[in-house]
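One structure is given below, encoded as structure tokens.
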Amino acid sequence: MARNPVQFQKGMSLAAFQADYGGRESCEAALRAQRWPQGFVCPRCQGTKHSYCVRRRLYQCSACRTQTSLKAGTIFHKSKVPLTTWFLAIYLLTQSKNDISALELSRQLGVKYDTAWAIKHKLMAAMQDRNKAYKLKGDVQIDDAYLGGERKGTPGRGAAGKTPFLAAVETRDGKPFYIKLRRVAAFSKEALKSYAKEALEPGSTVISDGLSCFESLAEAGMTHTAIKRGRASRRSVDPRFKWVNTCLANIKGAITGTCRAIRGRHAGRYLAAYEYRFNRRFDLPKMVPALAKAAAATAPKPYASLRIAETVG
């Protein structure tokens, strides 16, 4: 049987990572190249002429005299964790297909659990911001799903304590290409319109099941076909929804197998991380500099802001 070249690609080995990002100077050079590819730019006046204080590791704009560090204004803002540790976290988070738990990350990085948790969620927040830059187009399969195990009480969509989310898969030549995952407050027409606006290009050909909220996809400019699939036990075998069902099974399996469980208020970032990795699976080594670039472009995320519940549509 022929092997899937994407699935069996070499990726970036630990030795290759250490060679490229094993020291402070190499990490600073990599971050500088991602943040200021054309050279230093003052965050206040956009000036380019500057001086550099080696002892304090600060850049000073020659025009407005503003001093700034390489990490200031990025996801690394005010972090006491060395850049080498941050880059190792980026490597572990991007090269692990099924994610890596915060507890395991703390062991790999040699930091406290709370520090590892904050690093992971800040990087996932950078992934989440980066995911907003593109939309699905063409042929798209979409489905509703929940995160959370079985609970007492009303089954299915009426179950309490579960986290609803939407999953869409763009297919090309009958194969999955990109995905879009988004946590929603409820499966309503308003939520679907918002999702379609953010995740789908107008004119896309979308298929879904017969859930009434999906009717709003046509109102959002999509060519929508609703397919009634009957009992839940039959849904997974419908070939027209093969890839979105496979995607949902892999997501839930990854969360259950790696993190065991996640809090609903943080589910959006976990879904964003899975989406980010899946959509960049074609070239694993490039994911390290890509996430470093996204982190450099993401505004600071204070620890307290990561602990509170995310706003959902």
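For the sequence shown, this note's numbering gives the first residue as 5, with consecutive numbering after it. Virtual Cβ for every residue (Gly too), placed ideally from N, Cα, C. Quick caveat, the model's predicted, so the values are computed rather than measured.
### Query
From this set, Ala253, Arg311 and Ser66, which residue's C-alpha is nearest Ser55's C-alpha?
Ser66
### Query
Counting along the chain, where does the beta strand (DSSP E) carrying Asp242 start and finish?
Run containing Asp242: none; DSSP gives neither H nor E here.
### Query
In angstroms, rounded to a whole number, what distance separates the CA positions of Asp103 and Tyr278?
C-alpha separation (whole angstroms): 8 angstroms.
### Message
Report the start-end ranges of each alpha helix (DSSP H) in the stretch 174–258 that is 4 residues or longer and not cut off at the edges.
### Response
193–203, 220–223, 236–239 and 246–258
### Task
Please report the residue range of the beta strand (DSSP E) in which Val144 lies.
For Val144, the enclosing beta strand (DSSP E) covers residues Asp143 to Leu151.
### Task
Output the distance between the C-alpha atoms of Ala172 and Lys184, rounded to the nearest integer angstrom.
5 angstroms
### Message
Just to confirm my understanding: we take His228, look at its own chain, exclude 5 residues before and 5 after, and list those with CB closer than 6 angstroms. What are they?
### Response
Excluding residues within five positions, the ones whose Cβ falls inside 6 angstroms are Val210, Leu221 and Ala222.
### Task
Give the C-beta separation of Ala298 and Ala130 to the nearest angstrom, bearing in mind that I take them to be a contact with Cβ-Cβ under 8 angstroms.
Yes, they are in contact, since the Cβ atoms of Ala298 and Ala130 sit about 5 angstroms apart, within 8 angstroms.
### Query
Does DSSP put Pro47 in a helix, a strand or coil?
In the structure shown, Pro47 adopts coil according to DSSP, grouped into three states.
### Message
Buried or exposed, going by whether 16 or more other CB atoms sit within 10 Å of the CB of Pro206?
### Response
exposed
### CA-to-CA distance, Thr250 to Gly225, given in whole angstroms
A direct Cα-Cα distance of roughly 27 angstroms separates Gly225 from Thr250.
### Query
In chain order, which alpha helix (DSSP H) runs of at least 4 residues are fully inside the stretch 26–97?
28–39
### Message
Short of 6 angstroms in beta carbon distance, which residues of its chain neighbour Tyr63, apart from the five on each side in sequence? Order them along the chain.
### Response
Phe44, His54, Tyr56 and Thr72
#### Entry: Per DSSP, cross-strand counterpart(s) of Pro168
Tyr150
### Nearest-angstrom Cα separation, counted from Glu32 out to Glu194
44 angstroms
### Message
Three Cβ pairs or more, each shorter than 8 angstroms: is that satisfied between the stretch 288–295 and the stretch 110–122?
### Response
no
### Task
Taking only the alpha-carbon atoms, compute the straight-line gap between Leu18 and Ala253 and give it to the nearest angstrom.
29 angstroms
### Query
Does the distance from the CB of Ala1 to the CB of Thr78 come in under 9 angstroms?
This structure does not reach residue 1, given that the chain is present from 5 up to 317, and the question cannot be answered.
### Query
Does the beta-carbon of Ile123 have 16 or more other beta-carbons within 10 angstroms, so that it is buried, or is it exposed?
buried
### Task
Output the distance between the C-alpha atoms of Cys49 and Pro41, rounded to the nearest integer angstrom.
18 angstroms
#### Entry: Of the listed residues Leu204, Phe282, Lys256 and Lys166, nearest to Ala190 (C-alpha basis)
Closest in alpha carbon position to Ala190, among Leu204, Phe282, Lys256 and Lys166, is Lys166.
### Message
For Ala23 and Leu35, what's the separation of their Cα atoms in angstroms?
### Response
Their backbone Cα atoms lie some 16 angstroms apart in a straight line.
#### Entry: Bounding residues of the alpha helix (DSSP H) (the contiguous stretch that carries Pro293)
Looking at the DSSP string, the run of the alpha helix (DSSP H) that includes Pro293 is Met291 to Ala301.
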